[in-house]
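Enquirer: Before I ask anything, here is the structure I am working with.
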Amino acid sequence: MRTYMHIPTKKLLTRFSGFAHWMKKQSQEEMGHAYAMADYIIKRGGTAIVDKIDVVPNGWGTPLEVFEHVYKHECHVSALVDKLVDVAAAEKDKATQDFLWGFVREQVEEEATAQGIVDKIKKAGDTGIFFVDSQLGQR
11 MRTYMHIPTK KLLTRFSGFA HWMKKQSQEE MGHAYAMADY IIKRGGTAIV DKIDVVPNGW
71 GTPLEVFEHV YKHECHVSAL VDKLVDVAAA EKDKATQDFL WGFVREQVEE EATAQGIVDK
131 IKKAGDTGIF FVDSQLGQR
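Numbering of the sequence shown is given in this note's numbering, commencing with residue 11 and proceeding in unit increments.
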């Protein structure tokens, strides 16, 4: 979530309004996921705590570098969700497993989307980058 909120403010993406728009929309989607998790924890009698949030890296040079980072970030999130499913399974907590499987499926989509954008940027090259930017601005 923080990754997506931080990237549109970067100087690089001020030249690419479509990429910035996509990141803003993605940030809003991720915020919804965070609220869903917090709500679930509270419904189950727990306390939702937001701990340390890692600093988002600076210094990307190109949109390709940004979206390669996004893809790696989504893979990292997938691994974290998988670990949560494993813990729920070990605890024999079927309700939480069911809840988390929705996020497992979501992460498959998120990784594929990020990889697809990386592929589009690579294929577009320098001359087609503004076309990809325009496409992402339509999200």
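Yeah, the Cβ is synthetic: ideal placement off N, Cα and C, and Gly gets one too. Here the structure is a predicted model, which means the values were calculated and not measured.
Which word fits GLN148, buried or exposed, when buried means at least 16 other C-beta atoms lie within 10 angstroms of its C-beta?
Expert: If you number the sequence shown from 1, residue 148 lands on position 138. Exposed, since its Cβ has fewer than 16 Cβ neighbours within 10 Å.
Enquirer: Measuring only the C-alpha atoms, how far is TRP32 from LEU146?
Expert: Within the sequence shown, residue 32 is the residue found at index 22, counting from 1. Within the sequence shown, residue 146 is the residue found at index 136, counting from 1. Each residue's alpha carbon lies about 6 Å from the other.
Enquirer: Can you confirm whether the region 85-97 touches the region 109-127 when touching is taken to mean that 3 or more C-beta pairs between the two stretches lie within less than 8 Å?
Expert: yes
Enquirer: Is it buried or exposed, GLY28, if we count other Cβ atoms within 10 angstroms and call 16 or more buried?
Expert: What you label residue 28 is simply residue 18 of the sequence shown in a count that begins at 1. When all chains shown are included, GLY28 counts as buried.
Enquirer: Buried or exposed for TYR45, going by 16 or more other Cβ atoms inside 10 Å?
Expert: Position 35 of the sequence shown, counted from the start, is the residue given in the question as residue 45. With fewer than 16 other Cβ atoms within 10 Å, it is exposed.
Enquirer: Please report the Cβ distance between SER88 and GLU40, rounded to the nearest whole angstrom; I am assuming they are in contact, meaning their Cβ atoms lie under 8 Å.
Expert: Locating residue 88 in the sequence shown gives position 78, where the first residue counts as 1. Locating residue 40 in the sequence shown gives position 30, where the first residue counts as 1. Contact flag wrong, Cβ pair sits at about 13 Å.
Enquirer: Where does ILE63 sit, in a helix, a strand or coil, going by DSSP?
Expert: Reading the sequence shown from its first residue, position 53 is the one you call residue 63. ILE63: coil per DSSP, three-state reduction.
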